[in-house]
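Numbering (our numbering), first residue to last: 46 to 392. See structure below.
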Amino acid sequence: QTGRLIIYAFADKLTPIGLDIHNNFEESFHVPILGIKESELQIKVLTLELKRDTDILILPFLFAKELNTLLENKKDFLKTFDNLFLESAEPIVHIVATEMHSHYRPRRKFRINAKTTGRFMLIVIIVATAYVVFGRKWGQGFLSSGKEFISEKKKSLIDYRSLLQNMPYPGFEVKDWQWISPVEITMPPFFDAENIYIITGNELTCVKKNTFQLRWKAAFDGEIKDVESLRDEKLLIIDVRGNHSLLDKAHGKIEWQKAKPATHEKFYKQSPQVIPIDYIRDGRLEQNYYILSNKNVVRLILAGKGDVIAEEVFVNRIDYISDYDYVEKCFYICMDRKIIKVDLIIL
């Protein structure tokens with residue numbers, strides 16, 4: 046539900062455990078962390094020898110950029126961390142690890158001797174006598190009561206899981222802000238962990254999420270008709286003339302451009318449009334949903350039953366709808382030159 050977490054330990058100095066946020070933050074988010082295939086799952090066990098009064102700090106991967114890791118004084122660094130703890134609603138954990146010495150007696154070893162053998166034989170005699178006196182049904186009754194207890198436990202678990210069907214359903218919340226393009230948007234917007242990318246004819250514009258602050262803009266010879274996200278912060282741009290270009294996402298610079306065979310159109314204005322939502326990758330949902338965009342209406346459909354859970358009606362016709370953003374828990378819709386953010390909230 047929170048996505049990646051970063052863990053710091055501060056004893057004599059600040060030490061990242063496992064993942065160094067400042068060296069790895071620019072890595073690609075193309076492969077999701079949640080909902081991956083079992084064959085792709087990798088588990089790493091990381092160990093750190095704790096010293097007395099070591100402070101352990103846990104916070105979300107994206108939010109960790111706010112920390113100033115250059116502070117050498119432990120008191121100043123913890124003061125900065127405590128300010129983040131107060132100002133943000135993000136899940137943040139601060140643990141102070143202190144050395145503790147346990148004084149315990151070693152476990153006594155089990156030894157077979159005359160005394161132990163005598164006790165064991167006495168227990169066997171008592172059980173055998175009870176079986177003879179009360180009969181076979183006594184043992185069956187005892188065992189069956191245990192089975193009934195287990196079945197009651199199972200029943201209670203089933204009843205508990207059935208309550209999930211009655212949990213509050215998600216809904217839409219249209220954000221107050223929106224972004225207006227100077228020209229018509231010609232393809233669905235796409236995004237990564239920090240930015241939104243908007244295509245208008247032969248130009249690709251990169252703006253920051255939430256603030257819509259312009260980062261860079263790149264122009265190509267022909268109108269853009271296909272964009273593929275690659276690892277190492279690269280984008281493959283294909284225009285209508287068949288030119289292929291490799292672009293650096295960090296700075297918006299075109300690294301190379303070559304003529305290739307023309308490809309078919311991939312995106313065009315169409316209605317309706319369907320966007321599936323993976324409830325495991327979302328982390329907050331218990332069932333599968335999908336978004337249905339038709340003309341000027343956006344609906345949230347419960348996949349298991351086909352019921353409409355939420356609906357949002359706009360004045361203008363919807364041209365494009367983006368994929369679902371599992372980081373921001375939202376999606377983007379385009380109407381002519383306007384792009385609007387719609388959050389998926391839990392009601």
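Note that CB positions come from ideal geometry on N, CA and C, so glycine has one too.
- Under the 10 Å beta carbon count, Met-232 is surrounded by 16 or more other beta carbons and is classified as buried.
- DSSP, read as helix, strand or coil, puts Leu-167 in helix.
- As computed with DSSP, Gly-216 is found in a beta bridge with Ile-390.
- Your pair Pro-234 and Ser-367 checks out as a contact, with CB atoms roughly 5 Å apart and the cut at 8 Å.
- Per DSSP, Asp-368 lies in no alpha helix (DSSP H) segment and is marked neither H nor E.
- Rounded to whole angstroms, the separation of the alpha carbons of His-296 and Lys-279 is 10 Å.
- Apart from the 5 residues on each side of it in sequence, His-289 sits with its Cβ closer than 8 Å to the Cβ of Leu-281, Ile-282, Ile-283, Gln-302, Lys-303, Ala-304 and Lys-305 in its chain, given in chain order.
- The three-state secondary structure of Arg-326, taken from DSSP, is helix.
- Classified as exposed, Thr-256 has fewer than 16 neighbouring CB atoms from the shown chains inside 10 Å of its CB.
- Under DSSP, Asp-237 takes part in no beta bridge, so it has no partner.
- When the beta-carbon positions are compared, Phe-122 and Leu-59 come within less than 8 Å of each other.
- Annotated as proximal: Leu-389 and Phe-217, with beta-carbon spacing under 8 Å.
- The straight-line gap separating the alpha-carbon atoms of Leu-259 and Leu-102 is approximately 33 Å.
- A straight line joining the alpha-carbon of Lys-383 with that of Lys-96 spans about 55 Å.
- In summary, Ile-168 is exposed, with fewer than 16 beta-carbon neighbours lying within 10 Å of its beta-carbon over all protein chains present.
- For Leu-116 and Phe-126, the gap between their C-alpha atoms comes out near 11 Å.
- The alpha-carbon separation between Ala-355 and Glu-300 amounts to approximately 44 Å.
- Separation of the CB atoms of Asn-247 and Ile-269 is rounded to 6 Å, and the pair is thereby assigned contact status at 8 Å.
- Look at Leu-129 here: in three-state DSSP terms it is helix.
- In this structure, Asn-333 and Gly-351 do not form a Cβ contact; the two beta carbons are roughly 11 Å apart against a cut-off of 8 Å.
- By the Cβ neighbour-count rule, Ile-170 is exposed, with fewer than 16 other Cβ atoms within 10 Å of its own.
- Nearest C-alpha to Arg-362 among Ile-385, Ile-346 and Tyr-242: Ile-385.
- Per the coordinates, the alpha-carbon of Val-272 lies some 16 Å from the alpha-carbon of Trp-261.
- For Pro-105, the enclosing beta strand (DSSP E) begins and ends at 99–105.
- Each of Asp-327, Tyr-365, Val-141 and Ala-238 was checked against the Cα of Asn-341, and the nearest Cα belongs to Tyr-365.
- About 10 Å separates the beta carbons of Thr-114 and Phe-55, which is beyond the 8 Å limit, so they are not a contact pair.
- Taking a 10 Å sphere around the C-beta of Phe-236, we find 16 or more other C-beta atoms and assign the residue as buried.
- The Cβ neighbour count for Leu-275, taken over all protein chains shown within 10 Å, is under 16; the residue is labelled exposed.
- Judged by DSSP secondary structure, Thr-250 falls within the beta strand (DSSP E) whose first and last residues are 248–253.
- Going by beta carbons, Tyr-377 and Asp-327 fall outside the 8 Å limit.
- Excluding five sequence positions before and after Val-343, the CB atoms of its chain that fall closer than 6 Å to its own CB belong to Glu-357, given in chain order.
- The shortest CA-to-CA distance from Val-285 to any of Asp-293, Gly-267 and Val-353 is the one to Gly-267.
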